[in-house]
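Protein chains in written order, with the numbering used here: chain R, 1 to 312; chain S, 1 to 312.
Backbone N, C-alpha and C fix where the C-beta goes; we use that ideal spot for every residue, glycine too.
Since the structure is predicted, the reported quantities are computational estimates derived from the model, not experimental observations.
Have a look at the structure below before the remarks.
Encoded structure:
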């Protein structure tokens with residue numbers, strides 16, 4: 001197994017599928033998750049523990065966690081909006097749970113129907129539930145700073161608010177925080193600035209990853225800023241499916257296939273095999289007829305005589 | 001007038017229109033060029049002096065140069081494949097002439113039907129023709145290093161070949177050289193590496209610009225590398241029209257609208273006004289019915305409360 005320089009966290013099965021109307025059959029999801037893992041993706045967010053009435057597309061998350069847990073070496077991540085979701089998650093044992101907190105409180109109320117204080121109370125309750133488990137069974141808990149780079153409803157989100165919420169998430173019991181450009185407002189300057197300031201505030205070991213959208217075509221340019229400053233985990237979605245369905249105009253995760261090419265072509269190992277990655281994409285395309293998949297690299301193919309860093 | 005931190009060289013009227021089947025009427029081209037200039041674009045490549053039988057789309061280049069020359073402050077650039085084209089260009093007085101040399105000789109033979117030595121002989125003849133003019137009437141002559149980052153026909157293009165061709169172009173009389181990712185193979189590492197090595201070899205004053213394609217979605221990520229190393233002129237095309245029609249699979253210039261957003265959002269002034277830029281795009285869309293225009297920023301709109309660096 002290749003040691004990756006940069007870890008890709010595939011969010012398609014959660015962030016992608018939740019935005020798409022057709023429900024992907026559980027068997028197809030399992031096959032897709034297995035294919036992603038076989039391609040070398042080190043971490044997959046397989047679903048979200050939300051009520052099935054809200055997101056019927058993700059109603060099989062528990063079953064997917066159990067399936068993904070059988071894949072050796074794969075880190076299994078899930079989204080949990082609250083304690084109730086976290087308890088359901090803990091019953092099946094993911095390696096990582098992410099709870100989003102919208103730094104824009106307007107967006108928080110609209111998206112999660114909760115104030116900041118209410119979300120932080122959930123975090124504390126989740127922390128207690130985790131700590132009640134034997135140490136070997138405790139998943140990592142990440143607080144995701146949604147709308148950190150700006151909000152379609154509030155506009156500019158003040159930097160001090162981002163820092164304050166990060167500190168509060170850690171104080172409430174998150175092992176780490178993540179930056180999320182929910183609305184596609186981020187600039188490279190912000191990515192560098194927020195990462196450095198958060199590292200100063202909560203410690204470098206508490207912030208590894210970033211979740212970027214391609215709403216204004218800036219996704220991979222922002223990845224360059226993330227690499228420059230030293231972040232090591234990048235979220236992306238196969239075929240660029242998904243985005244935030246609650247932020248009007250915000251659509252399009254960065255495309256895993258193009259991200260892997262960006263990294264491998266500049267000598268950064270992802271541990272991912274392109275042929276198998278494209279095979280996983282074909283599997284996804286077959287399972288979601290009528291859903292548009294994005295990505296330039298799958299369309300253009302790899303450059304003639306290209307050798308990936310991982311293959312060297 | 002704002003002093004730009006980064007100059008955008010709009011290549012749509014040349015590189016864009018040459019790849020598109022429908023011929024845009026001359027009056028519409030003039031209106032588009034004027035609208036681009038009114039938006040603050042500092043340099044426009046208005047056409048190419050190739051035989052009308054080869055590219056009927058660009059048969060009105062001389063008239064467009066004359067029109068563009070009437071716009072105060074605008075740098076008017078053209079492509080010239082050879083001495084004959086350069087003489088036609090010199091008759092109407094552009095500020096800059098670019099002659100492409102494909103570093104991959106296979107591509108050179110296929111694209112320009114000339115060996116390296118034959119292209120360099122044309123450069124020397126063009127230099128002599130320029131020098132025969134009074135100093136005040138001499139345009140800058142740029143040699144563009146096409147396929148510098150790899151070739152769809154030859155695969156990897158050796159670094160020593162890129163450096164050798166740059167040196168020979170300067171020796172043959174080019175005032176400057178430019179890097180061109182004709183095939184969409186470039187990685188950020190290559191962009192930084194080639195820029196630094198060329199600066200060492202031919203002097204920093206002889207390399208300012210880069211021409212990047214978005215074939216594998218890497219265009220703006222490569223722009224980030226260009227900015228990091230210190231290049232100051234970036235080619236792009238409104239709506240991303242164009243690319244190299246002779247390189248199979250290579251399509252898609254980087255999108256001017258998304259590039260301007262990338263620069264302005266991180267505090268780099270382009271001198272460009274978004275409202276007028278989007279107006280120029282609407283004009284282009286109306287003049288090219290049925291031609292697909294790319295770009296995420298025009299579709300998503302600017303972020304709420306966004307203030308461009310140029311407007312500050």
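Cutoff 8 Å: residue i Cβ touching any chain S Cβ
i	result
residue 305/R	yes
residue 214/R	yes
residue 297/R	yes
residue 223/R	yes
residue 187/R	yes
residue 255/R	yes
residue 258/R	yes
residue 293/R	no
residue 184/R	yes
residue 218/R	yes
residue 242/R	no
residue 25/R	no
Proximity below 8 Å, CB of residue i to CB of residue j
i	j	result
residue 46/R	residue 84/R	no
residue 201/S	residue 166/S	yes
residue 121/R	residue 146/R	no
residue 119/R	residue 95/R	no
residue 143/S	residue 123/S	yes
residue 224/S	residue 188/R	yes
residue 255/S	residue 162/S	no
residue 309/R	residue 267/R	yes
residue 210/S	residue 235/S	yes
residue 295/S	residue 217/R	yes
residue 213/R	residue 153/R	no
residue 257/R	residue 238/R	yes
residue 52/S	residue 59/S	yes
residue 229/S	residue 192/S	yes
residue 57/R	residue 99/R	no
residue 177/S	residue 141/S	no
residue 278/S	residue 298/S	yes
residue 43/S	residue 232/S	no
residue 86/S	residue 126/S	yes
residue 328/S	residue 41/S	Chain S is shown only over 1 to 312; residue 328/S falls outside these bounds and no answer can be derived.
Residue i at chain R interface by Cβ criterion, 8 Å
i	result
residue 265/S	yes
residue 181/S	no
residue 172/S	no
residue 88/S	no
residue 300/S	yes
residue 16/S	no
residue 245/S	Summary for residue 245/S: the model assigns pLDDT 48, below 50, so the residue's position carries little reliability, and this model does not support an answer.
residue 145/S	no
residue 150/S	yes
residue 83/S	no
Those residues which DSSP pairs with residue i across a bridge
i	result
residue 47/R	78/R
residue 34/S	For residue 34/S, which the question treats as bridged, DSSP gives no partner whatsoever.
residue 7/R	233/R
Any non-hydrogen atom of the ligand MN within 7 Å of residue i CB
i	result
residue 241/R	With respect to the ligand MN, the structure offers nothing, as it holds no ligand at all.
Interface residues of chain C facing residue i [CB-CB closer than 7 Å]
i	result
residue 262/S	Protein chains in the displayed structure are R and S, and chain C is not among them.
*Unbroken stretches of the alpha helix (DSSP H), 4 residues or longer, contained in the stretch 78-148 of chain S*: 83-90, 105-111 and 116-131
*chain R contacts made by the stretch 267-284 of chain S, where a contact means CB separation under 7 Å*: 267
*Using Cβ-Cβ distances below 7 Å, what residues of the stretch 152-167 of chain R are close to chain S?*
152, 155 and 156
*Identify every run of the alpha helix (DSSP H) within the stretch 150-200 of chain R, keeping only runs that are complete inside it and at least 4 residues long; order them along the chain.*
159-171
_Cβ-based contacts, 9 Å cut-off: residues of the stretch 119-137 of chain R near chain S_ = none
*At what residue ranges does the stretch 207-294 of chain S contain a whole run of the alpha helix (DSSP H), taking only runs of 4 or more?*
219-229, 256-265 and 274-287
*Between the stretch 47-77 of chain S and chain R, which residues of the former have CB atoms less than 8 Å from a CB of the latter, in chain order?*
none
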